[in-house]
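Below: the structure, in structure tokens.
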Amino acid sequence: MTYLGYGLAQGEGFIVVTGEVGTGKTMLVGRLMATIDRARLTAINLVSTQLEGEDILRIVALALGVATDAAAKGQLLARIERFLHEQARGGKRTLLIVDEAQNLPMSALEELRMLSNFQ
């Protein structure tokens, strides 16, 4: 828990939590979510894992409250980026937690990497 708190305080791009099945990784994420100051941090936790790149962008957008409608990928990225910049201007950061990320295809991991460049 201390490592996660440190990573959040430092604004790390990615924090990876690994461990064997049943060691409490998901429970750790739950504890983290319960301690987050929602006035300073918007946090979303994704558990859907068999998603391709554009699908994960749509799931992230929906979780953030960003309109997805029939937006093309470029529009979707622009909307997410605008949301993140608005959050930053308001003094808030955004945390995206992806549980079971090891099951994501490379296209989804690449989209998540691209999102980390926005803030």
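Every letter in the sequence shown is one number past the one before it in our numbering, and letter 95, counting from 1, is 1396.
We treat Cβ as the ideally placed atom computed from N, Cα and C, and that holds for glycine.
Simplified DSSP assignment, three categories, for residue i
| i | result |
| --- | --- |
| Arg1394 | strand |
| Thr1350 | coil |
| Ile1316 | coil |
| Ala1379 | helix |
| Val1367 | coil |
| Leu1405 | coil |
| Val1361 | helix |
Residue i classed as buried or exposed, judged by whether at least 16 other C-beta atoms fall within 10 angstroms
| i | result |
| --- | --- |
| Phe1315 | exposed |
| Val1348 | exposed |
| Glu1387 | exposed |
| Val1399 | buried |
| Thr1268 | Here the chain has residues from 1302 to 1420 only, and residue 1268 is not among them. |
Residue i and residue j closer than 9 angstroms at C-beta
| i | j | result |
| --- | --- | --- |
| Ala1409 | Glu1353 | yes |
| Leu1329 | Arg1394 | no |
Length of the line joining the Cα atoms of residue i and residue j
| i | j | result |
| --- | --- | --- |
| Ile1345 | Ala1373 | 23 angstroms |
| Gly1325 | Leu1333 | 12 angstroms |
| Gly1375 | Ala1340 | 29 angstroms |
| Glu1401 | Thr1319 | 10 angstroms |
| Gly1391 | Gly1323 | 38 angstroms |
heavy atom of the ligand SAM below 8 angstroms from residue i C-beta
| i | result |
| --- | --- |
| Gln1403 | The ligand content of the structure shown is nil, which means the ligand SAM is not present either. |
Integer Cβ distance of residue i from residue j, believed to fall under 8 angstroms
| i | j | result |
| --- | --- | --- |
| Ile1337 | Ala1362 | Between Ala1362 and Ile1337 the Cβ distance is about 20 angstroms, and since that is not below 8 angstroms, they are no contact. |
| Arg1359 | Thr1350 | Contact doesn't hold; Cβ gap of about 15 angstroms is too wide. |
Any C-beta of chain B under 9 angstroms from that of residue i
| i | result |
| --- | --- |
| Leu1405 | In summary, chain B is missing from the structure at hand, where a single protein chain is found. |
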